[in-house]
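Line order of the protein sequences matches chains A and B.
Quick note: the first sequence uses the numbering used here, first residue 507, plus one each step.
Quick note: the second sequence uses the numbering used here, first residue 1124, plus one each step.
Read the structure below first, then the notes.
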Amino acid sequence: MRTIRDFFWIIWSNKKAFVGFVILVFFILMATVGPRIFPFNTTVNFSARYQPPSWHHWLGTDYAGRDIWTEIVYGSRDVLLVAFWTAVITLFIGTLVGMLAGLIGGFVDQVIVALINLILTIPGFSLSLILAAVFSIQNAVEFGLLLSITAWAPLALGVRSQVLSLREREFVTIARIMGMSKFHIIFKELMPNVISFLTVSFIGVGSGAIQASVGIMLLGLAPFSATNWGEMLTMAVQGTGGVFNPRGVYYLISPIVCMSLFTLGCFLFANGIDDFFNPRLRRQ
Amino acid sequence: MILKRLLIAFITLMLSVILSFYMLHKTPGNVWLVQAQQMAQQLGISLPEAYRRIQLLYHINPNEPLYKQFLSYVQGLLHGNLGTSMVNQQVTVNQVIAAGVPWTLFVASIALLTSFVIGNWIGVRMAWKRNSWLDPLMTVFNVISHAVPSFIIALLLLEFFALDLQWFPFNGAYDTSLTPGFNWPFIGSVLRHAFLPILTYVLVLIGGQAMSMKSTSLAVMNEDYVTAAIARGLRERTIVKDYIRRIAILPQVTGLALAFGGILGASSLVETLFSYPGIGQYLVQATNNRDYTELQGLFLFQSFCLIVANLIANILYAKLDPRVRIEE
């Protein structure tokens, strides 16, 4: 309980982290309960197209006369799901590989580090682009797999260096001398110390995944659901030529602002969490 | 030392070759059968004949075992032959790359140079004068440039400066009514067309450059010899230029390779938005056309560029920093 209270205290006292936290909570609420409060009406009504914001339509209407605000709310679910799955998969592979390299050491470590260095020189976004074209993406999990294909490498490197420095520390040595099981050492001694790094990475990878997924969708690849921010942006830029239409500016700007706000929230919140987990940083 | 680096680069390159070959092989559906059928139908020839032509064009025989296919692919690569486009058989992948690379490299190098010079200058200033107006400005700017991805910056620049204000053209690399060559109108047109893509990359890169330069400069300023220089009453300019910047700039050089990789990755989106005819746009076109051989070639070429950039950065860093030279 104390840690949770501490956590909120840190978030509250750190202005940047608080702003980030509020933004993240806002978007998570939007993606989970939002569609129930603001149901998206898909009825096409061309006589009401490209309306400016009003009380009735908070962000105006799109090229087919649909309400942009409810479209944003409805579309946030897929965007956040892709980010979530990418972060989960990337973290899983990265932690596993990094831990293996750090704990086993020796030849295995050398091979893994060599492999990671190879992956770091692969143009990751191009690879995702090509794979998105070759294999048609059907759902958020597949999209997550696609985006984590090279993203785990730097993470594994980070986990490895954390484990390497931790396993020389006294408390791990003591646990080993006391004859604790490998399982205990990994999950009770090492994990809690890596968790801060993992949490910050989770947020970082997630916000990166949002940018990458919207980018891939903007190119017309991987249209796995009809309504999400990436598809909205695609329609605004390529489909309907909203870029060329001054009245379509709300349709173009809305997904951009939402996406930027979300990544901004991630960035600020991740910085705040860093402060929470690193008391040395906090004191400075 | 350099030999070891070269060896690593070579192994990395070989793995990219295997990866790009395997990627094409793993495409769902039989790519070559479809290609042969299309060819047979278009040219009115028999299927075996179409297969024979495919073998000549793409250096690949779909009926051979996999390792033989791979060997003939590598053989083609060793002759500098990346294959032929699957959609337009008149065009080789080499030609596509030759058409796109000058534009991509032109934009990338100017963007890298600009952000390197300005970013490092700002970074040193921020470290030297702690409470200047630059610090909060750059901190906020850095946060924003983290939150807004490159293609959104490109999109906004396109929307406001090219479409609304019409200060800059919104597509192509130069005005097609001009004759390409070394004349002022043509060069001016090239610069005007390249301005917004370059600005996009510079805006993306400059915040990170400045912040990392600031932190390395701060570390350098803690060194004794800087304190000694200040105590000796040297001119501010000399201290900043010859004592701080000269050392702090070294890690930034390795950062250049990373930034170059970032530009290559972003180029597909940025160049597509500006309709700029670089390799990024060709990559997207090939993806949309499902032109697998062209994709393979472009991907391999991008990997090659990244490997070379990393190699150069590593060697350069070792050359610039005597400490690394002694260590290895």
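Quick reminder that beta carbons are idealized off the backbone N, C-alpha and C, glycines included.
The beta-carbon separation of A/Phe703 and A/Gly664, rounded to 6 angstroms, stays under the 8 angstroms limit for a contact. In the three-state scheme derived from DSSP, where H, G and I count as helix and E and B as strand, B/Asp1444 is classed as coil. Within the segment 1417-1443 of chain B, those residues whose Cβ lies closer than 7 angstroms to any Cβ of chain A are, in chain order, Leu1418, Phe1422, Gln1425, Ser1426, Leu1429, Ile1430 and Asn1433.
Looking at the backbone, the Cα of B/Lys1252 and that of A/Leu770 are separated by about 28 angstroms. The shortest C-alpha to C-alpha distance from B/Ile1402 to any of B/Ser1426, B/Leu1379 and B/Ala1382 is the one to B/Ser1426.
In the DSSP assignment, A/Asp573 is bridged to A/Thr567.
For A/Arg555, no alpha helix (DSSP H) run applies, since DSSP gives it neither H nor E.
Interface with chain A (9 angstroms Cβ-Cβ cutoff): B/Val1266 is included.
Here A/Val711 really is in contact with A/Leu597; their C-beta atoms are around 7 angstroms apart, less than 8 angstroms. Distance from the Cα of B/Leu1236 is smallest, within the candidate group B/Leu1392, B/Val1325 and B/Val1407, for B/Val1325. Around A/Ser766, the beta-carbon contacts reaching into chain B at under 9 angstroms are Ile1267, Ala1270, Val1271, Pro1272 and Ile1275. A/Thr656 has no beta-bridge partner at all, per DSSP. Leaving aside the five residues that flank B/Ile1125 on each side, the residues in its chain whose CB is nearer than 7 angstroms to its CB run, in chain order, Ile1438. If you draw a 10 Å sphere on the C-beta of A/Trp518, you find fewer than 16 other C-beta atoms in it, and that means exposed.
Around the beta carbon of B/Ile1430, a 10 Å sphere encloses 16 or more other beta carbons of the protein chains shown; the residue is thus reported as buried. Taking the CA atoms as reference points, B/Met1336 sits about 42 angstroms from A/Thr733.
Straight-line measurement puts the Cα of B/Ile1134 at about 33 angstroms from the Cα of B/His1269. For the segment 1301-1368 of chain B, the full-length alpha helix (DSSP H) segments reaching 4 residues or more read 1307-1344 and 1347-1354 along the chain. DSSP places B/Trp1226 inside the alpha helix (DSSP H), whose first and last residues are Val1216 to Trp1251. Taking the CA atoms as reference points, A/Val743 sits about 13 angstroms from A/Asp568.
In terms of beta-carbon proximity, A/Ala607 stays away from the interface with chain B, with every pair separated by 9 angstroms or more. Your pair B/Leu1381 and B/Ser1391 does not check out as a contact, with CB atoms roughly 18 angstroms apart and the cut at 8 angstroms. If you check the CB distance, B/Tyr1366 and B/Val1343 come in under 9 angstroms. Under a 10 Å Cβ-count criterion, B/Tyr1440 is classified as buried, with 16 or more other Cβ atoms of the shown protein chains found around its own Cβ.
Taking one beta carbon from each stretch, the segment 687-703 of chain A and the segment 614-634 of chain A have fewer than 3 pairs nearer than 8 angstroms; the two do not touch. Going by beta carbons, A/Val700 and A/Val678 fall outside the 9 angstroms limit. Between the segment 1342-1359 of chain B and the segment 1283-1294 of chain B there are fewer than three C-beta pairs closer than 8 angstroms, too few to call the two in contact. Non-local beta-carbon contacts of B/Ser1238 in its own chain, meaning distances under 6 angstroms to residues more than five positions away in sequence, involve Val1325, Leu1328, Ile1329 and Gln1332 in chain order.
At least 9 angstroms separates the CB of A/Ser654 from every CB of chain B.
The C-beta of A/Thr596 comes no closer than 9 angstroms to any C-beta of chain B. When the beta-carbon positions are compared, A/Leu565 and A/Ser760 come within less than 9 angstroms of each other. Put simply, of B/Ala1371, B/Tyr1348, B/Thr1227 and B/Thr1323 the residue whose alpha carbon is nearest the alpha carbon of B/Met1334 is B/Ala1371.
CA-to-CA, the gap between A/Asn777 and B/Thr1339 works out to about 20 angstroms.
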